[in-house]
Structures are given as structure tokens and as C-alpha cells.
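The next block holds one structure in the form of C-alpha cells; read it before the comments.
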Amino acid sequence: MFKKVLIANRGEIAVRIIKACQEMGIKTVAVYSDVDACAPHVHLADETVNLGDPTPSESYLNIQKIIEAAKSTGAEAIHPGYGFLAENPDLSQACIDTGITFIGPKPKVIKLMGDKIEAKKIMEKAGVPVIPGYHGTKQDNSSLIKEGKKIGFPLLVKAAAGGGGKGMRIVHSEDSLEEAIEGAKRESKSAFGDDTVFLEKYLDKPRHIEFQILADEQGNTIHLFERECSIQRRHQKIIEETPSPVMNPQLRNKMGKAAVAAAQAAGYSNAGTIEFMLDGKLNFYFMEMNTRLQVEHPITEMTTGIDLAKWQLRIASGQALTLKQKDLTQRGHAIECRIYAEDPLNGFLPSVGDLKKVEAPIGPNIRNDTGIETGMEITPYYDPMLAKLVVSSENRAESIDKMIWALSHYVILGVTTNISFLKKVLEHKEFRKGNITTHFIDNYFKEWMVAKRKLPIDAIISLAVYDSIHSKREEVVRYKEADPHSPWKHVGRWRMGAGI
Amino acid sequence: MFINYEHENHVYNVTVKRRQNQYFIMYDNTEYTVEAEELTPGHLKIKLGDRVIKCVITEGEKDKLVFVAGDVFKVKNVELTGTKTTKKKKEEGDLSSPISGRVVNVKVKKGDKVKKGDILLVIEAMKMEYLIRAPYNGKVEKVNFKEKDLIEIGEITVELTKK
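Protein chains in written order, with my numbering: chain A, 1 to 500; chain B, 1001 to 1163.
Rendered as C-alpha cells:
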């Protein structure tokens, strides 16, 4: 096993991986840009290296700086997390060239699966069903428009190098196709440095169902069941759960086998995810493979009891899987909510600012993967995800109730978050019934986004009580206190008889 | 004491009196009698009949943030003047940037004629794109930004005369 690992990421995922390393007795190196100097992942690591300028290309996307940091600290391996360089084959290659272990698949495999067009060809050959579409090399607008008309509308324009909804557009008619192609190309160019796009058929009642894969370097491949990730806004997942409410043992078996076949066809090693679309008639199609640890991996961990981050480290260090497919089971039901710094009442625009107070809910089977803390500033440089709240329970209904409780007790003051929106989605009767598709948010929450809230009576009462306690007269009394550490200080002023 | 709270352009008039740990709050012709204690700074536990309200409040320079049951409200204490302070509403034809970010594409130049819905400018923030569209048919008088410029929330992107 490695003695020292560098984590080439920030935020909650850097924190999560550092903790896994520490539990295994592995020393950790955190890297950070200037604006992240006081971030939790920096505090937690054994050693830190400053990458300078916060612009991603100058810091978390800068391969040279990251390799240099690993060399100077003597780290034997680099964990890329997700996002940033996780699916960039150049980092994986640079690691090989400098004798550092990349914790993930080989550069050739990342390249293959990163090219969504090539990936689909390989899957078709391996007998895994794929969605009808155009994955060709003719990338000029007029050829793409011609191919788009052949597929029919609605269709999707997707960045070949894409992921996380970036560089993706739905097109409902021919009129808006050209504009969508241009937008997707531009967004893809800036996010991934590549502007190849492809077109594909937009499915009826589609669900996004993905399978977690673990593959070792000895050729063993297993799947760790599905994750239902249909609740998305602008193609960005916001609520994930496992098991999927639509799944049955036969379908799970069939899709699981296809996922393992897909991973093997790609020559995959380490942790990865096969994403499928499932239509209303339960036909499934391969969509893409994510060659990294997935944001929503905790729900799989909560229901299988398997630590995926630790297995990534073991596999990368050459250990064989000791888990056998037939021994794997899922227990209960888990849900994850992604908490974003964005304002649902203002078109979900990202919200930046100082975090005045952060208090996460604590309770049985509640997991909070976070990279934020009180006093930290949320800047516009990086993804607005603040934390992932994960709960598990005996069954789906209980998990939903637990998540609603946990969200109601998640205090984040200073930036606007999507917590109230997440709660509304969980409370929706169709969500409770499990009737979800990737269009769920568009279908049921278009109106909600513009609804203005009134100040509820509970907030008015709270404010009045607070102001009454903290009115100027009270301030005088407060500062007269001799001992600032006196436990009486926290009991509350009014108890000392200082009424108005 | 009398307090006016402003929240999203609406003012709430509240009166609060206190006796020991009992508070009498008057709002909208209703009196609420509650018992309350501050558990830790900013954390209140309030008993209203058989119900318990738990809230967390922090104070910024100008406003307060109130957390109640998962919802957060930004509220300002306003002086009692008798007149409501209302912010100017966003008019039809707002061309200010909805976000702080970087201009990645400028689609128009001075003198261009544009149709309602045309894309004028593309702003990128947090790896997502935001389109500024023409709110009406018009003529471009001035383009305030060029590609790669940083733009702040609220800054006017393009000046457009209605036609």
C-alpha cells in the first residue's frame, strides 16, 4: 500500500479521500489555490502545496504544477477525485511518465471512454444497447443539422468530452438547432478544451440509472448495483437514490451484467460507473462511462457497506478484489441530496459570499460529505456544490422522511442554498410514489421557481424575540460581565431578571 | 418595542413586549404569547402553545439571516417612517448581468439591429453559460464589454434603444 498520496482536488471530495487515506494509515498531500488557503481539505491534510492563482487552468487543472507537487512531497500516487483532471488522460499519462501511480484507470481507457463517440462504438460491439444518434466526425454546423433532422426532434446536443450537464442542449425544433450546437461547442471548449459534439434521440419517460463498477488489475470486475439519478435540473443531478424504485431483480441482473460487460469491453480497472438511460418500457441504453469516483458514490456505500474510496486505493496499489459478485447485497435504501450555493428563487443563479454559520444535521444514518465550514468564503471560481447530505433507512419512505428532517436542520447562513427546493421535491407526491423521470423538475417545478415567499409567522416571532433579547439595553448588561467564559453567559440574559 | 422588518419588498410591522422569559408579539392584529430562551448565541428555542419553533439567526452588516425549519430568510430592520421602502422593480428590458462571471462571447456591435430574443452576450460563471437576450426589438447603442472581460452582477451589458 502507498505511504503517501496527493489529492488533486478540493472541496468535499478532497476531504472524503483524505479521510479514507488517514483511516488506512496513508499520509496525505492537499493542493490548493490562493482562495482555498483556509479550506477544510487544506486543514485536514498532513502536507499542503499552494498552486497559486485560483483560475482552474492555473491551479486544479494544471497538470505540471500537480505533478511537481507530488514529486516535491514524495507522494507515490495521485487521487484525482471527480471533475477537474479526473477524466483527463494527460494526468494519468503524466503520472506514468514520472513513475507516480494514478488512482484510476489507464490513460488509454480514460481517453476511450472520454470520447463518447468511440465509447458507444465499443459498447455496440460488446452487445450493450446504445441510444440512436449521430456520433460521427463531421462537425461542421450544416452536417450536424442534416444528421439532427435524420434523428428527429426532440434531440440532445452533447459535448463528446462532456459530463455533469456541461455542453449539453435539448433541441425541440429545427429552428433552434444551430444555436444549440454553437452553445454546446463553446461551453465544451471552455470546460473541457474540446468542442466535438454529438446528437442523440431524446427518450420517452427516461430515467437515468447507473451501475457502480469495481475492477481490479487482475481482471476481476464486479458491479455494486444501481443508482437512480433521474432527479436533475439542467442535466445536473440533484437527488440520487438506491435502489431505484423502478428496479426489479430480473432487470437489475440484466443491467448489472451489461454494466460488467461494458467495463470489461473497455478494459477497465479501478472504480467506475456505467450510465444507462431507461425508457418508460424498461428498455435500457448505454449512455456513457464515468472513469472515476462518482459524486453520488456514498449511497452505494451506505447500502452495501463497502468503502469505494478505499477500494480505489487498494486496486491502484495492485491488490486484487476480495469481494465476489454473489456475496454482494444491498440493505435498506439510501438517498443523497446535493446542496448547492444557488438561489432557487432567482433562476438558480450561483450565490457567492461569506458563510456566517454552517451547522450540519447529526443523527443515526446521516452522512454529511462537505468541504465547507463557518467563516469560509464561497467564490465564483469553482462548482457551486457545498455538500452532499446522505441518509439511509430500512425503506424508501423512511429515507425520504429522514432526509426531510435532516434538510430542515441543515443551517447554512451567508449564501443562498437550494435546501428549500430539495425539500419541496422530496415532499412531492409523485416523488414519494417513485414516479420520476429526468423531466421531473421541468414537469412539476417550473411554476415554483418564480413563486415569491412571504415571511412566515415563525420567522417573524423568531426575529422579534431575538431583537428583544439583543436590544441595546441588553448589550450594556452583556459587556459588564466579568468572566467572558462564564457558563452563565450562555444561559440567556433574561433569566437574570433583566426584563424590559 | 416596535420593529419593522423588510423582506422581499414587503414591510412587516411587529410589536414585542417582554416579561422574564415570556414574550408578547403583536403582528397583523394577533397577539402571540411565547416562551423563549437563547440556547447558544443565535440559537433560539421558542414555545408557542404546544409547538416549538427552533431558529438560528445571524447578523450581517445590513441584514439578518433567519433559519427556520430548513428555510432561510434575509430580513432588514427598517426605521419606522410610515412609508414603505420598495426597491425599484426590474423593468421589462433589463440588460444587467444576472451574475458575476466572465464574458465569453459578444454577439452584437454598435449599430446592430436586433430582434426580441436575439442573443446579445454570453456570460460564463461557475462553468455554466448565461445568455443575455434582447428584451425587445431595437438598435445597439453601446456594448459595454468585450470577450474575456470580467463582469459583475448588476452591470449593464449592452445599451439598447427600443424600436
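Beta carbons are placed, not taken as given, at the ideal position from N, Cα and C, and that holds for glycine.
Limits of the alpha helix (DSSP H) - the one that residue i falls within
| i | result |
| --- | --- |
| A:E336 | Per DSSP, A:E336 belongs to no alpha helix (DSSP H); it is in the beta strand (DSSP E), H333 to Y340. |
| A:I514 | Chain A is shown from 1 up to 500; residue 514 of chain A falls before or after that span and cannot be answered. |
| A:N270 | A:N270 -> not in any alpha helix (DSSP H); beta strand (DSSP E) instead, spanning N270 to L278. |
| A:G260 | In the sequence as presented, Gly is not what sits at residue 260 of chain A; that position holds Val. Looking at the DSSP string, the run of the alpha helix (DSSP H) that includes A:V260 is P249 to A265. |
| A:G114 | P107 to G114 |
CA-to-CA distance, residue j to residue i, given in whole angstroms
| i | j | result |
| --- | --- | --- |
| B:G1082 | B:V1068 | With a pLDDT of 42 at B:G1082, under the threshold of 50, the predicted position of this residue should be treated as unreliable, though the coordinate-derived value follows. So the two alpha carbons sit approximately 28 Å from each other. |
| B:V1016 | A:L355 | 30 Å |
| A:A464 | B:H1010 | 16 Å |
| B:K1064 | A:G11 | 27 Å |
| A:I461 | A:R292 | 48 Å |
| A:A262 | A:K111 | 15 Å |
| A:T48 | B:R1102 | 30 Å |
| A:D46 | A:V29 | 6 Å |
| A:P350 | A:K326 | 44 Å |
| A:A20 | A:L6 | 13 Å |
| B:M1128 | B:D1149 | 16 Å |
| B:E1006 | A:G165 | 37 Å |
| B:Q1022 | B:V1034 | 6 Å |
| A:E179 | A:Y444 | 27 Å |
| A:M496 | B:R1018 | Confidence at A:M496 is low in this model, with a pLDDT of 47, below 50, so its placement is unreliable and no value can be given for it. |
| A:F102 | A:L278 | 33 Å |
| A:R478 | A:G414 | Summary for A:R478: the model assigns pLDDT 40, below 50, so the residue's position carries little reliability; its value from the coordinates is reported in the next sentence. When rounded, the distance between both Cα atoms is 25 Å. |
| A:E336 | B:N1029 | 43 Å |
| B:F1002 | A:H172 | 55 Å |
| A:G193 | A:L144 | 20 Å |
| A:R186 | A:G167 | 7 Å |
| A:V260 | A:N253 | 11 Å |
| A:T73 | B:K1076 | 50 Å |
| A:Y134 | A:A406 | 44 Å |
| A:E147 | A:T196 | 15 Å |
| B:T1040 | A:V358 | 14 Å |
| B:V1072 | A:Q232 | 23 Å |
| A:S59 | B:K1062 | 35 Å |
| A:A70 | A:L61 | 14 Å |
9 Å Cβ cut-off: residues of chain A touching residue i
| i | result |
| --- | --- |
| B:I1046 | D458, I461, S462 and V465 |
| B:K1064 | L463, Y466 and D467 |
| B:G1049 | The premise fails here: B:G1049 is roughly 12 Å from chain A at the closest Cβ pair, so nothing lies under 9 Å. |
| B:Y1027 | I457, I460, I461 and A464 |
Span of the beta strand (DSSP E), counted from its first residue to its last, around residue i
| i | result |
| --- | --- |
| A:R367 | I366 to T370 |
| A:H172 | Neither: A:H172 is in no beta strand (DSSP E) and is coded neither H nor E. |
| A:V42 | Per DSSP, A:V42 belongs to no beta strand (DSSP E); it is in the alpha helix (DSSP H), P40 to L44. |
| A:D97 | From DSSP, A:D97 is part of no beta strand (DSSP E) but of the alpha helix (DSSP H) over P89 to T98. |
| A:M287 | F284 to N290 |
| A:T329 | Run containing A:T329: none; DSSP gives neither H nor E here. |
| B:A1036 | T1030 to T1040 |
Chain B residues whose Cβ lies nearer than 8 Å to that of residue i
| i | result |
| --- | --- |
| A:Y410 | G1070 |
| A:G347 | P1098 |
| A:R186 | V1104, N1105, V1122 and E1129 |
| A:L407 | G1070 |
| A:S471 | M1001 |
7 Å Cβ cut-off: residues of chain B touching residue i
| i | result |
| --- | --- |
| A:G183 | E1129 |
| A:L588 | For residue 588 of chain A there is no data in the structure shown, the boundaries of chain A being 1 and 500. |
| A:P350 | I1099, A1125 and M1126 |
| A:K423 | G1070 |
| A:P380 | S1100, G1101, A1125 and M1126 |
Amino acids of chain A, ordered along the chain, whose beta-carbon sits closer than 7 Å to that of residue i
| i | result |
| --- | --- |
| B:F1073 | L455 and A459 |
| B:A1036 | V465 |
| B:F1067 | V411 and L413 |
| B:R1133 | Simply none; closest approach about 11 Å. |
Within chain A, the residues that residue i reaches when beta carbons sit closer than 8 Å
| i | result |
| --- | --- |
| B:V1014 | I460, L463 and A464 |
| B:V1056 | K357, E359, V411 and L413 |
| B:G1138 | What B:G1138 touches in chain A: nothing, since even the nearest Cβ is about 20 Å away. |
Cross-chain neighbours of residue i in chain B, by beta carbon under 9 Å
| i | result |
| --- | --- |
| A:I419 | G1070, D1071 and V1072 |
Distance cut-off 7 Å: residue i Cβ against heavy atoms of the ligand HEM
| i | result |
| --- | --- |
| A:N418 | Absent from the structure shown: the ligand HEM. Ligands present: none. |
To test your reading of the DSSP string, which unbroken alpha helix (DSSP H) runs of 4 or more residues are found completely within the segment 391–470 of chain A? 396–408, 419–427, 429–433, 440–445 and 457–469
Which of the residues in the segment 219–245 of chain A, read from start to end, lie with their CB under 8 Å from any CB of chain B? R234
With 7 Å as the C-beta to C-beta threshold (strictly closer), list the residues of the segment 1100–1120 of chain B near chain A in chain order. S1100, G1101, V1104 and N1105
Check distances from the C-beta atoms of the segment 149–169 of chain A to those of chain B and list, in chain order, the residues that come in under 7 Å. K166
Interface positions of the segment 74–87 of chain A facing chain B (Cβ-Cβ less than 8 Å), listed along the chain: none
Using a Cβ-Cβ cutoff of 7 Å, what residues of the segment 1143–1159 of chain B are near chain A? List them in chain order. none
Note down, one range per segment and in chain order, each beta strand (DSSP E) of at least 3 residues found wholly within the segment 1118–1163 of chain B. 1119–1125, 1128–1133, 1138–1143 and 1158–1162
Cβ-based contacts, 8 Å cut-off: residues of the segment 189–201 of chain A near chain B: S190 and A191
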